[in-house]
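In our numbering, the protein residues as written are 1 to 386.
See below:
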C-alpha cells in the first residue's frame with residue numbers, strides 16, 4: 001500500500017513521473033533541429049500515457065489523482081475518440097464536477113470532424129496548446145472551409161501554443177492570431193492562403209510572449225509580401241521560414257525581430273545568397289545558430305562563395321547546412337566552402353555541421369559531418385563523422 005502522504009505532495013510526485021522531457025517551453029538547445037517541436041512534444045507525452053494508466057491501477061485514491069494527469073494531454077487520431085470525449089465533457093459540464101473540461105491542457109488532433117473538435121474547444125476551460133494536423137484518406141468533407149472557420153473562432157484566445165497544418169484563408173488565421181496575441185508563445189503554421197497579387201490588410205498587433213515562430217508553405221514569402229501585417233515580436237528567439245525565396249532581405253513583417261532572434265532556420269526552397277546572408281548577419285546581431293539548405297538536385301554543396309566575402313558576426317556559435325550526398329563530399333570541397341570563416345570575423349563560431357538530407361538504404365540515418373576549427377580559420381578544420 002502506498003504511504004499516506006498529502007494529496008498535493010502526491011500530485012507533485014505524479015507531475016515529476018509523468019512530465020515529458022520536451023516541455024511546453026522549447027528553448028535554445030544548440031542541437032540538431034530536425035524534428036518539429038510539436039511532434040516531439042506529442043510523442044513524448046504519448047510515451048508517458050502508460051505510466052499514467054499504471055498509476056490509476058494502484059489504488060482508488062491514486063485513480064482520482066491520476067485522472068487529472070491522464071487528461072492533461074489528449075491526442076485524437078480516431079474519430080470515435082473525439083465523439084466519446086465530447087460526450088464525457090458535456091456530462092461533466094452538466095453535473096458541475098471537475099473533469100476533462102478543466103483538466104485538458106493540450107489537444108492534438110489528427111482524425112476527427114471539425115464539428116467535434118469545435119465542440120471540444122468550446123468546452124475546454126484551461127487549454128494551453130492546440131495542434132490541428134488533419135489526415136484525410138479521401139477528399140475533404142463538404143462545407144469544410146466553413147467548419148474550419150467556426151473551429152478557429154472557438155479556439156480559446158488565451159492559447160499559448162498553436163500548431164496549424166491545413167489550408168486556411170489568411171484573413172481567418174490572422175484574425176485569430178490578433179485576438180490571441182497577448183498570450184501566444186509558440187506558433188507553427190502551414191497552409192495559410194493569401195493571393196500575392198492582392199493586398200491583405202490586417203490590424204497591427206503586439207506579441208509580447210511569442211518566442212518561437214514556424215511558417216512552412218511553398219508560397220510563404222509571396223503571401224508575406226502580399227499582406228500588410230504589422231507584428232511587434234520583441235521576444236522572438238527562434239524563426240523557421242520555409243518557402244520559395246531568392247530575395248536579399250527578410251519580409252517586412254520580420255524586420256524588427258532581429259534584436260532578439262537567436263536561431264534562424266531556412267527551408268530547402270530558400271536560396272541563401274551572399275546579399276541575403278549579409279542582410280541576416282547585419283539585422284540579427286544576437287543570432288547564435290543558422291540552419292539552411294544548399295546544393296542542387298544532384299547533390300553536394302553548391303559553389304556559391306557564400307562565406308568568401310567580408311561578412312562577420314560576433315555571437316554566431318553554430319552554422320548547420322542540409323545537403324544531399326553529404327556522405328560523399330570531398331574534404332577539399334568542405335574546406336574550400338567553409339575555409340574563409342575566420343576567428344577574427346566569427347570569434348564564437350565553432351562548429352560547422354553538414355547534415356545529409358539524402359534518404360535511402362546506403363545513407364545512415366541522421367548522418368552528418370562535423371567541422372571544428374583548430375586554427376585561425378576552417379581551412380585546416382578537424383573533420384569527423386557524427
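We put the CB at the ideal spot given by N, CA and C, even for glycine.
query	result
Excluding the five sequence neighbours on either side, which residues of its own chain have a C-beta within less than 7 Å of the C-beta of residue 103, listed in chain order?	68, 71, 72
Please go through the same chain and pick out, in chain order, the residues whose beta-carbon is closer than 8 Å to the beta-carbon of residue 377, but skip the five residues on each side of it.	339, 340, 341, 342, 343
Helix or strand or just coil, what does DSSP make of residue 385?	strand
On the DSSP bridge list, what partners appear for residue 265?	240, 291
From the DSSP output, in three-state form, read off residue 37 for me.	helix
Taking the alpha-carbon positions, what's the residue 100 to residue 93 distance?	9 Å
Kindly list the residues whose CB is nearer than 7 Å to the CB of residue 331, restricted to its own chain and excluding five residues on each side of it in sequence; keep chain order.	383
My understanding is that residue 236 touches residue 210, with C-beta atoms under 8 Å, so please give their C-beta distance in whole angstroms.	6 Å
Please classify residue 363: does DSSP put it in a helix, a strand, or coil?	Bear in mind that the predicted position of residue 363 carries a pLDDT of just 46, short of 50, making it unreliable; the figure below should be weighed with that in mind. Coil at residue 363, not helix or strand.
Alpha carbon to alpha carbon, how far is residue 320 from residue 30? Give it in angstroms, no decimals.	Any reading at residue 30 needs caution, since the residue's pLDDT is 41, under 50, leaving its predicted position unreliable; the model's value is listed next. Residue 30 and residue 320: Cα-Cα distance of roughly 10 Å.
Assign residue 329 to buried or exposed, taking buried as 16 or more other Cβ atoms, counted over all protein chains shown, within 10 Å of its Cβ.	buried
Once DSSP output is grouped into helix, strand and coil, what is the label at residue 320?	strand
Mind checking which residues open and close the alpha helix (DSSP H) that includes residue 94?	79–95
Measure the alpha-carbon distance for residue 336 versus residue 307 and round it to whole angstroms.	10 Å
Residue 163 and residue 188 look like a contact to me (Cβ under 8 Å); what is the Cβ gap, rounded to whole Å?	5 Å
If the criterion is Cβ atoms closer than 7 Å, does the pair residue 190 and residue 232 meet it?	no
Considering just the uninterrupted stretch of the beta strand (DSSP E) at residue 115, what are its terminal residues?	Residue 115 -> not in any beta strand (DSSP E); alpha helix (DSSP H) instead, spanning 114–123.
CB-CB under 6 Å to residue 386, same chain, minus the five flanking residues each way: which ones, in chain order?	368, 370
So what does DSSP say about residue 213, is it helix, strand or coil?	strand
Quick check on this structure: which residue in 171, 176, 285 has the alpha carbon closest to the alpha carbon of residue 159?	176
If you reduce the DSSP assignment to three classes, tell me which class residue 31 lands in.	For residue 31, the predicted model reports a pLDDT of 43, less than 50, meaning its position is unreliable and no value from the coordinates is stated.
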